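Engineer: After the structure tokens below, expect a handful of questions from me.
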Amino acid sequence: MKYVQRLLGLLPALLWLQQSFAQEIRVSGVVTSRNDAQRVPGAVIRVKGTSHGTQADADGKYTINANTTDTLQVSFIGFQTALVAVGNNRVVNIALETTDSKLQEVVVTALGISKEKKSLGYAVQELKSKDIAEARETNLVNALSGKIAGVQVTNSQGSLGSSRIVIRGETSIAGNNQPLFILDGIPVDNSQLGVGTGRDFANAISDVNPDDIASISVLKGPNAAALYGSRASNGVILIKTKTGKDVKGGFGITVNSNATFDKVLILPDFQNVYGQGAGGQFSYKDGKGGGLNDGTDESWGPKMDGRLIPQFFSKGEAVPFVPHPNNVKDFYETGYTLNNGLAVGGSSEKIDYRFSYNNTKQVGILPNTGISRNTFTASNTFRIAPKLTLNTYANYIRSSADNLPGVDGRRGNSVTLQFIWFGRQVDVSRLRDYKNPDGTDYNWNHSYYSNPYWIQNENTVSQLRNRFFGNARLSYEILDWLTANLRIGTDYYQDRRKYKIAYYTNGTPFGSYTEDAYMVNETNGEFTLNAKKQLSYDFNLDVLVGGNIRNNRFEQNYQQAPKLAVKDVYTLNNSRDPLISTSSFSRQRVYSTFGSAQLGFRNYAFLNVTARNDWSSTLPVENNSYFYPSVNGSLVLSDALNIKSKALTLLKIRGGWAQVGKDTDPYQLINTYPFNQPFGQYPLLTVSDKFLARNLKPEITSSTEVGLEAGFIDNRIRLDLTWYQSNSRNQILLADVSPTTGYLKKLMNAGEISNKGVEVMLGVTPVSTRSGFRWDVNVNYARNVSKVVELDKEGFLNNYVLGSSGNMQVLASKGQRYGALYGAAYQRDAQNRIIVNADGTPAIDPNKKILGYYTPKWTGGIYNTFTFKGISLGFLIDTKQGGSIYSGTNYTGNYTGVLATTLPGRDEEHGGLPYYRSGQQNIQLPSHSATAPNGAEVHHDGIIFDGYTADGKKNNVVLGAEDYYKAVYNSSLNESSVYDASFIKLREIKLGYTLPKTLTDRWKLQSVNIALVARNLGYLQKHVPNIDPETAFNTGNGQGLETLQIPTTRSIGINLNVSF
Amino acid sequence: MKKLLIPTYLLFAIVLLASCRKELERINKNPNEPTTVQPDYLLSNGIKANVDTYWGPDAAMDGTLLYVQYWSKIQYTDADRYIAGATGTQNVWSNFYAQGIEDFTTLAQLGDSLHNPNYKAVAVIMRSWIFQQLTDLYGDVPYKQAGQISQYLTPVYDSQKDVYTGLLDELKQAAATVTPGSNFIDGDILLGGDVTRWKQFANGLRLRIALRIADREPAIAKTVFDEVTAGGAGALLPKDAVVKLNYLASPNQNPVGRNRETRNDYRISKSVVDKLKALNDPRLSIYATVPKDTNVIIGVTNGLPSDSAARLGFSKTSDAGAVFTATTAPAVLFSYAEQQFILAEAAQRGLLTGDPLTLYNQAIAASFVQYGLSEAAAAAYAVQPGVAYDALNFKKSIGEQKWLALFGQGVEAFTEWRRLDYPQLKAAYAGALGGSMPVRFKYPSSEQALNGSNYKAAVTRQGADLLTTKLWFDKY
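Here it is, written out as structure tokens:
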């Protein structure tokens, strides 16, 4: 503290030194925009006719020494240059008129530094608060879908799950490929904990309340984000929150209310002709094989033509066997989200403040699912002393769910599994009373499933997350060109889940109870020094140096009562068997120093360099320090060559090169011995199945990017082109090795993957009239080509498994595009015709093949907006083209005969062929009316698989429909269920109306805005039947495997925003 | 002054940096798991984990128990129709190698470093037992280079002959180094730390392997029998001893018991029921249960299509007996009964001196006693025409009776059936092998990707990687 006082004491002396050179006066003031009274940080103030100048600070304030006879020339991008005479005024406030140009904007860049967009040597794209808050997505990540070139979002299933975001393709073969989220300068966690537990828990960034967001800036990869270090190789999403400064007129209250309704967008197309059973036969006795095929959970049974058959509800009596076409549809409910928020904010000379509260209640489309969230934020700026500012931001979130929908196709918790293994005659409404008087479940089947309502109401998973994140930043303006910042931020949460499986649940007769608790914490302390100086009339310099200490802590406590002693009591004490318990802790620390410098020449040529060194605890001491630089530049040709005109409003070229190092997870160096559950009194330790590596090196990603920005015809056409290439090497892979080595996995440090691509953003304003009507079209397009260059130095590893579903694997395969779907294929002859076995079924190639890639070839979006006075209408169409998906819904539903696609060939009416059985053989008959020899039964469901025998003859063996579909669609033949995942989706329609000022003034309101928003309206193109091709099951790299998804939802909502 | 200050700062910075680095290293010490292991914990784990694999769903229930027609399936009949699931063959391979070979290799090293030869001997015996299961099932397998990841990331497959003969050497060495009365071992959940019993088990395995290769390498087999019998009666399992793991209550229950807690997919095979009935064998009521709806034991034909299997009725067909399906049922690794069958056949083949008939009858009696029946009942049973020892067709007598005695021990029964070609079994009703029966497991498909060239070499040497490719030991 004494030092600070001393330093403060020195300052007047320093200032006096400056003053003593001339008979000048010290002029200060605030630069604002005349349009909206907002302050203009970064405005350049010059004494006209000299090279003497300064820049306005973050609050738009400036101080300059000038003669009383001087004229100040104030300029800033996006504003017309203003000239103001100094006179005898010590305080000169300047209001700038805006220019009409949209391209000349200020964007938030790494470390939260606002920079003129034209000075940047890389692509950057921003979303403003309106785009995020109105089209309210419950998962923040979804709001980025389709709007930003090169950003790929994979939406959550149902409306409650996780969403995955990847920028410019996957740069890590095995590691995390999602970007780093930075909120007001501090990293916030976006991990998805508890993957593979039968629930798709939302990724952690979905905690952030969209109402609090002022802007989102997307830094696409190392070129833009190198300053952030290790975790920036996948890009950075920078979130800037709203502050009291954003409030107009000193004090304001904003109320935001939103109601959104969700309906199932797509359900499988079921057949309604044949009911439960096998071989055309069914009769219910006990639902577990006691009757005729009544344990069978497939729909290869009798025709649902009203014939009389005992069914699950009929107590042995034969009753009409009839279809219930909406039996699955009726199970789903209308989900809704209610969102209410209140924000109070204001600003005065000394303080800016904003407090907000938000409550979100979301109810899912599956019965008894939902989540509710309360968010409290406080954002304050204290101008403690003229040069000392304290910013604080605090956010507390309590997110709680009584039950989340089950996924992963597990019997105990996934109803989508049960509906795709189903009796099409089952009347789901009869299952609503799911419990028998004795407490057991009442269901259509007892060999595999519990009642779907039982699953929803009894086998629940609850979640409670308490989260705090926030930061405090102290800024001190040492000199008018030198600022010091100290920032401390933390993100801390506790996340507890409780898994209940009820007594009598099928397959788990005693039920179970599990508690799974996590603690996640990241703390960052950062110090920076920032110098901005106009070196001469031509040159300005902006230098930043700093250091950071990051600490991560993670803890998991898992306890399970594997069998309950007493039913309906869910505590860990209530256990028949010893508890299964695990706990794990981890810590990580990274020290960093970094620096950046920007040299500007005449405000049209800019050179930026950055450098950073990290020391990570996760790497061995000899390799734990790693340095990486970046350099980029931009040249505004239209200014430099003075060719600016109405036709060509902007022409800029840019380019750069960057490198980023990356560490690994904690504890990857020294082998350990894991515990197994004790055998009676004997504790068990085993040799780990992972062989770790003592000599890990950091992963290195290098990236090159060049681009061009142009504006034409008064900026009615705006173009931004980017070409990039990145290469990541020394990738740390926990690779599968032959178990014969004694291990299943070995940690390696050799993988290499490259990505290159182009991004195009085109904005056109076809119509803009004097009356205020305006039509904007924004198009974005991105193509990314990835290639797995190498997996290990020795070259014996050809594949790295990213994920799998049965036989089907998702691979990073050497020499291939990332995300290959590798599975069992049809065996084909030299003419590429499918070979058929002697029994008429398709032959399976003994060697697995690559059947597609989940990564799309290109993505794009078109956003149209029409504005007229207070009305705006926008709609977004987006697309992903050229990826593939392996659909579990399709292969299962075709196998079980529930899908409409299994109707062809099932009877004469559906094109089936006549045949009779002779021993194990089917003999085709010439017509349906023909009789079979020896009075054998004539079947009418014959199908011939379209293929050729090994010796080249056209296949002519007839299969019964059930045998046919089971031979083509099963877990040992994947090719038949791989589909083109390309789609074009009508993603969003938004109609907004801002009440005219005359009206709001009369009501003494600041503004009133109403918006109608519809999302996920439908497909304009889709190739895969029965499912939504863009569903994520988790946020990992093993995508492209659809395993009985919960249907995607279509949502329609209304948003009301009132400011007082 | 200034000149002095700079180096001081520099020094200070260097010290600070060095201490930071130490701090980073300390942070990265794993607090969750130990970095060293004690031998008894490793031994307990190795036994439990590998006996689970041996007796579990992949090696036994959906594999050998069906192939050798002890069990059959009434639901999900694919496995019973020789449509092997990809995961089953992978699990057996992965578990045996990554849990078994690695745990016991580490234990053997610990035995050396702790100067406790008994730990080492037990580790080598268990590891040999695992390798024997592996080669019995797959044929050529990585052996000499297995479990040494630092040197061999892609271990070479050894021929089955090299594996068996290598195991004979290792077992001989292990049996010789056992020191009863000193160097106590702990954590022995199989034999309670009785190293003499371990030695007898090792010798039993030597005899088992020697007989296995007798069709191919009679001279080697003869030497082994000579060496083992030279050790006198104490070298072999005493009368009615059984090497078995006694399972405990849940969660340490028998894998079969665990399956039966929630599933109802398996039945006893019609083949074994018919044989037991034909021979009026009292073990029938122990091996099989009486179904709920009938009072007759009814087996299910192997390899029925799913719908016809299910139509037989869950409550009208018999499951395996409680001795096998109970929570605490034991898993048998080796028994006196098997030992006497081995000796009987060896005597018949002239590999040792002895009376095959006496040994054969001892073996049957031992099997009866193992399942709580009397020796008298065995004696009466053994004189029946279908049972009585036939020296002229010893493979039939021994093959059938050994098959009945080994009930439940899928891997060994499957292997001995292949070697002796008795009992004569009919392929699964709707089998997927064109009327043939499986005579091995397929290698897991992961080997193609992860150890490709060695895999290819093995397939070239051994024959196509199919269920129907005969292994080296299976000469006839």
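Listed in order, the protein sequences are those of chains A and B.
Counted the way this note's numbering counts, the first sequence spans residues 547 to 1606.
Counted the way this note's numbering counts, the second sequence spans residues 295 to 770.
Backbone N, C-alpha and C define an ideal beta-carbon position, used for all residues, glycine too.
Note that the structure is a prediction, hence the values are computed from the model and not measured.
With 16 as the cutoff for other CB atoms within 10 Å, does Asp603 (chain A) come out buried or exposed?
Structural biologist: Here residue 603 (chain A) refers to the residue found at position 57 of the first sequence. Classification of Asp603 (chain A): buried, given that the 10 Å Cβ count is 16 or more.
Engineer: Using C-beta distances below 6 angstroms, list every residue in its chain close to Gln908 (chain A), excluding the 5 sequence neighbours before and after it, in chain order.
Structural biologist: As a first step, residue 908 (chain A) must be located in the first sequence, where it is residue number 362. Result list for Gln908 (chain A): Thr684, Thr883, Gly916, Ile917, in chain order.
Engineer: Starting from Gly825 (chain A), find everything on chain B with Cβ-Cβ shorter than 7 angstroms and list it in chain order.
Structural biologist: Translated into positions along the first sequence, residue 825 (chain A) becomes position 279. Simply Asp601.
Engineer: Could you tell me the distance, in whole angstroms, from the CA atom of Lys764 (chain B) to the CA atom of Ala392 (chain B)?
Structural biologist: Residue 764 (chain B) sits at position 470 when you count from the first residue of the second sequence. Residue 392 (chain B) sits at position 98 when you count from the first residue of the second sequence. Roughly 26 angstroms separates the two Cα atoms.
Engineer: Going along chain A in order, which residues have a C-beta closer than 9 angstroms to the C-beta of Leu336 (chain B)?
Structural biologist: The residue labelled residue 336 (chain B) in the question sits at position 42 within the second sequence. Going along chain A in sequence order, the residues near Leu336 (chain B) (Cβ under 9 angstroms) are Tyr1219, Leu1230, Leu1231, Thr1232, Val1233.
Engineer: Along the chain, where does the beta strand (DSSP E) that runs through Trp423 (chain B) open and close?
Structural biologist: In the second sequence, the residue the question calls residue 423 (chain B) occupies position 129. No beta strand (DSSP E) contains Trp423 (chain B), which is instead part of the alpha helix (DSSP H) from 411 to 432.
Engineer: Specify the secondary structure class of Asp527 (chain A) as computed by DSSP and reduced to three states.
Structural biologist: In the structure as shown, chain A begins at 547 and stops at 1606. Residue 527 (chain A) is therefore absent and cannot be evaluated.
Engineer: Measuring only the C-alpha atoms, how far is Asn1520 (chain A) from Tyr1441 (chain A)?
Structural biologist: For the purposes of this step, residue 1520 (chain A) is taken as the residue at position 974 of the first sequence. For the purposes of this step, residue 1441 (chain A) is taken as the residue at position 895 of the first sequence. Those two C-alpha atoms are separated by around 12 angstroms.
Engineer: Do Arg561 (chain B) and Asp613 (chain B) have their C-beta atoms within less than 8 angstroms of each other?
Structural biologist: Here residue 561 (chain B) refers to the residue found at position 267 when the second sequence is read from its first residue. Here residue 613 (chain B) refers to the residue found at position 319 when the second sequence is read from its first residue. In this structure, Asp613 (chain B) lies closer than 8 angstroms to Arg561 (chain B) by Cβ.
Engineer: Tell me, to the nearest whole angstrom, how far the beta carbon of Thr1074 (chain A) is from that of Val1089 (chain A); I am working on the premise that it is less than 8 angstroms.
Structural biologist: As a first step, residue 1074 (chain A) must be located in the first sequence, where it is residue number 528. As a first step, residue 1089 (chain A) must be located in the first sequence, where it is residue number 543. With a Cβ gap of about 10 angstroms, Thr1074 (chain A) and Val1089 (chain A) do not count as contacting.
Engineer: Can you give me the start and stop residues for the alpha helix (DSSP H) that Asp979 (chain A) sits inside?
Structural biologist: Mapped onto the first sequence, residue 979 (chain A) falls at position 433. Asp979 (chain A) -> no alpha helix (DSSP H), and no H or E assigned at all.
Engineer: Quick one: measure Cβ to Cβ for Thr1247 (chain A) and Gln724 (chain A), integer angstroms, because I've assumed they're closer than 8 angstroms.
Structural biologist: One-based indexing of the first sequence puts residue 1247 (chain A) at position 701. One-based indexing of the first sequence puts residue 724 (chain A) at position 178. Rounded, the Cβ-Cβ distance is 15 angstroms, inconsistent with contact.
Engineer: May I ask you to list the residues that DSSP assigns as paired with His1485 (chain A)?
Structural biologist: If you number the first sequence from 1, residue 1485 (chain A) lands on position 939. Note: His1485 (chain A) sits in a beta bridge opposite A:Tyr1461.
Engineer: Answer yes or no: do Val1510 (chain A) and Asn1501 (chain A) have a C-beta to C-beta separation smaller than 8 angstroms?
Structural biologist: Counting from one through the first sequence, the residue named residue 1510 (chain A) turns up at place 964. Counting from one through the first sequence, the residue named residue 1501 (chain A) turns up at place 955. Per the sequence presented here, residue 1510 (chain A) reads as Tyr, with Val not at that position. No.
Engineer: Between which two residues does the beta strand (DSSP E) containing Ser1129 (chain A) stretch?
Structural biologist: Taking the first sequence and counting its residues from 1, one reaches residue 1129 (chain A) at position 583. Ser1129 (chain A) -> beta strand (DSSP E) spans 1126 to 1147.
Engineer: Quick one: what does DSSP say Tyr1184 (chain A) is sitting in, helix, strand or coil?
Structural biologist: In the first sequence, residue 1184 (chain A) corresponds to position 638, counting from 1. Note that residue 1184 (chain A) is Ser in the sequence shown here, rather than Tyr. Helix, per DSSP.
Engineer: Does the separation of the CB atoms of Tyr716 (chain B) and Lys690 (chain B) fall below 8 angstroms?
Structural biologist: By 1-based counting over the second sequence, the position of residue 716 (chain B) is 422. By 1-based counting over the second sequence, the position of residue 690 (chain B) is 396. In this structure, Tyr716 (chain B) places its C-beta atom within 8 angstroms of the C-beta atom of Lys690 (chain B).
Engineer: What did DSSP end up calling Arg682 (chain A) once you bin it into helix, strand or coil?
Structural biologist: Residue 682 (chain A) sits at position 136 when you count from the first residue of the first sequence. Coil at Arg682 (chain A), not helix or strand.
Engineer: Using a beta-carbon distance below 8 angstroms, is Arg315 (chain B) in contact with chain A?
Structural biologist: Sequence index remark: in the second sequence, residue 315 (chain B) carries index 21 (1-based). Yes, Arg315 (chain B) counts as interfacial toward chain A.
Engineer: On the DSSP bridge assignment, give the partners of Pro866 (chain A) in chain order.
Structural biologist: Locating residue 866 (chain A) in the first sequence gives position 320, where the first residue counts as 1. Its beta-bridge partners are A:Leu854.
Engineer: For Asp406 (chain B) and chain A, any beta-carbon pair shorter than 8 angstroms?
Structural biologist: Counted from its first residue, the second sequence places residue 406 (chain B) at position 112. So, not an interface residue.
Engineer: Quick check on this structure: which residue in A:Asn736, A:Thr1594, A:Phe859 has the alpha carbon closest to the alpha carbon of Val974 (chain A)?
Structural biologist: Counting from 1 along the first sequence, the entry for residue 974 (chain A) is found at position 428. Comparing Cα-Cα distances from Val974 (chain A) to each of A:Asn736, A:Thr1594, A:Phe859, the minimum goes to A:Phe859.
Engineer: Between Asn339 (chain B) and Leu1231 (chain A), how many whole angstroms is the CB-CB distance? I'm expecting something under 8 angstroms.
Structural biologist: Here residue 339 (chain B) corresponds to residue number 45 of the second sequence, with the count starting at 1. Here residue 1231 (chain A) corresponds to residue number 685 of the first sequence, with the count starting at 1. With 8 angstroms as the limit, Asn339 (chain B) and Leu1231 (chain A) qualify as a contact, their Cβ atoms being about 6 angstroms apart.
Engineer: Within the 8 angstroms Cβ cut-off, does Thr841 (chain A) reach chain B?
Structural biologist: By 1-based counting over the first sequence, the position of residue 841 (chain A) is 295. Contrary to the premise, residue 841 (chain A) reads as Gly rather than Thr in this sequence. Judged by the 8 angstroms Cβ criterion, Gly841 (chain A) is in contact with chain B.
Engineer: So what's Ser647 (chain A) in DSSP terms, helix, strand or just coil?
Structural biologist: Here residue 647 (chain A) refers to the residue found at position 101 when the first sequence is read from its first residue. Confidence at Ser647 (chain A) is low in this model, with a pLDDT of 46, below 50, so the placement of that residue should be treated as unreliable; the coordinate-derived value is given next. Judged by DSSP in its simplified three-state form, Ser647 (chain A) adopts coil rather than helix or strand.
Engineer: Does the beta-carbon distance from Gly433 (chain B) to Gln454 (chain B) come in below 8 angstroms?
Structural biologist: Locating residue 433 (chain B) in the second sequence gives position 139, where the first residue counts as 1. Locating residue 454 (chain B) in the second sequence gives position 160, where the first residue counts as 1. Yes. Within cutoff.
Engineer: Tell me whether Asn385 (chain B) sits in a helix, a strand or coil according to DSSP, three-state version.
Structural biologist: For this step, residue 385 (chain B) is matched to residue 91 along the second sequence. Of the three classes helix, strand and coil, the one that applies to Asn385 (chain B) here is helix, per DSSP.
Engineer: Between the alpha carbons of Gly781 (chain A) and Tyr361 (chain B), how many angstroms are there, rounded?
Structural biologist: Here residue 781 (chain A) is taken as the residue at index 235 of the first sequence, counted from 1. Here residue 361 (chain B) is taken as the residue at index 67 of the second sequence, counted from 1. When rounded, the distance between both Cα atoms is 55 angstroms.
Engineer: What first and last residue would you give for the beta strand (DSSP E) that runs through Ala1366 (chain A)?
Structural biologist: Within the first sequence, residue 1366 (chain A) is the residue found at index 820, counting from 1. Segment 1366 to 1369, the beta strand (DSSP E) holding Ala1366 (chain A).
Engineer: Tell me where the beta strand (DSSP E) around Asn1345 (chain A) begins and ends.
Structural biologist: Sequence index remark: in the first sequence, residue 1345 (chain A) carries index 799 (1-based). For Asn1345 (chain A), the enclosing beta strand (DSSP E) stretches over residues 1345 to 1351.
Engineer: Name the residue from A:Asp1492, A:Lys1113, A:Ala1446 whose alpha carbon lies nearest to the alpha carbon of Ser845 (chain A).
Structural biologist: Looking up residue 845 (chain A) in the first sequence gives position 299. Residue A:Ala1446 is the option with its Cα nearest to Ser845 (chain A).
Engineer: Can you list the residues of chain A that Ile443 (chain B) reaches, using a CB-CB cut of under 9 angstroms?
Structural biologist: Translated into the one-based positions of the second sequence, residue 443 (chain B) becomes position 149. Going along chain A in sequence order, the residues near Ile443 (chain B) (Cβ under 9 angstroms) are Phe1237, Val1283, Thr1287, Gly1288, Tyr1289, Lys1292.
Engineer: Cutting at 6 angstroms between CB atoms, please list the residues of its own chain near Phe727 (chain A), excluding the five before and the five after it.
Structural biologist: Position 181 of the first sequence, counted from the first residue, corresponds to residue 727 (chain A). Around Phe727 (chain A): Val734, Asn736, Ile751, Ile783.
Engineer: So Arg1099 (chain A) is in the alpha helix (DSSP H); what residue range does that whole segment cover?
Structural biologist: Residue mapping note: residue 1099 (chain A) aligns to position 553 of the first sequence, counting from 1. Arg1099 (chain A): not part of any alpha helix (DSSP H); member of the beta strand (DSSP E) spanning 1085 to 1107, first to last residue.
Engineer: Nearest chain A C-beta to Ile321 (chain B) closer than 8 angstroms, yes or no?
Structural biologist: Mapped onto the second sequence, residue 321 (chain B) falls at position 27. Yes, contact with chain A.
Engineer: Which residues of the region 713 to 728 of chain B have a Cβ closer than 7 angstroms to any Cβ of chain A? Give them in chain order.
Structural biologist: Those would be none; no residue qualifies.
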